[in-house]
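*Asks:* For the sequence shown, my numbering assigns the number 354 to the initial residue and increments by one for each residue that follows. Quick reminder that beta carbons are idealized off the backbone N, C-alpha and C, glycines included. Quick caveat: nothing in here was measured; it's all calculated off a predicted structure. Provided herewith is a single structure, encoded as structure tokens, for subsequent inquiry.
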Amino acid sequence: MKTNRVGRPTHCRSIQDMPRITCFKPEGVPPEELQSIVLTLDELEAIRLADKEGLYQADAAIRMQVSRPTFGRILEAAHKKVAEAIVDGKKLCIQGGTFRSLCDSTLTDRPNICECPECGLKLPHQKGEPCRETVCPHCQAPLKRMGGCLPEFLPQV
């Protein structure tokens, strides 16, 4: 797993949905001269929550299931990348990062089962309903989706 800091693995960040458009190119730049910048899916989600939805960083951090300082670092990195792409006329591609999709809009190899981490009870996953919002009928613990995190790693550009 790629780490941003020595000794600290990057934890999954929750994103609402996968983007429909994944690449933006400036007009008038010959393809052989075009340089690329990669914006990760968690960075795009930070921009969506803070800039498009207008959420405060603390509220957006809760939605992404990261700390407020971590959200601020993700957002700052995203703003720098978008600014560089616009100002310097570079192609901006959206891919990679370490994330989990909340709405399960993409096909995955994860089983469609929610599991209780306390007693091990397994229930069918309801599409569109995050498992963690359902409690175990036996021990009242929040359920978890079997298969855990959907890691995608930042490609080298």
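For residue 444, does the three-state DSSP call read helix, strand or coil?
*Replies:* strand
*Asks:* Can you check whether the CB of residue 489 is closer than 8 Å to the CB of residue 474?
*Replies:* yes
*Asks:* Apply the 10 Å Cβ neighbour rule to residue 398 and answer buried if 16 or more other Cβ atoms are within range, or exposed otherwise.
*Replies:* Label assigned to residue 398: buried.
*Asks:* Classify residue 381: buried if its beta carbon has 16 or more other beta carbons within 10 angstroms, exposed otherwise.
*Replies:* exposed
*Asks:* Going by other Cβ atoms of all chains shown within 10 Å of its Cβ, with 16 needed for buried, is residue 419 buried or exposed?
*Replies:* buried
*Asks:* With DSSP as the reference, label residue 423 as helix, strand or coil.
*Replies:* helix
*Asks:* Can you tell me whether residue 449 is buried or exposed, with buried defined as 16 or more other CB within 10 angstroms of its CB?
*Replies:* buried
*Asks:* Ordered along the chain, which non-local residues of its own chain (more than five positions away) have a Cβ less than 6 Å from that of residue 438?
*Replies:* So the qualifying residues of the chain are 390 and 445.
*Asks:* Whole-angstrom Cβ separation of residue 447 and residue 392, contact assumed at under 8 Å?
*Replies:* Sure, about 5 Å apart at Cβ, within 8 Å.
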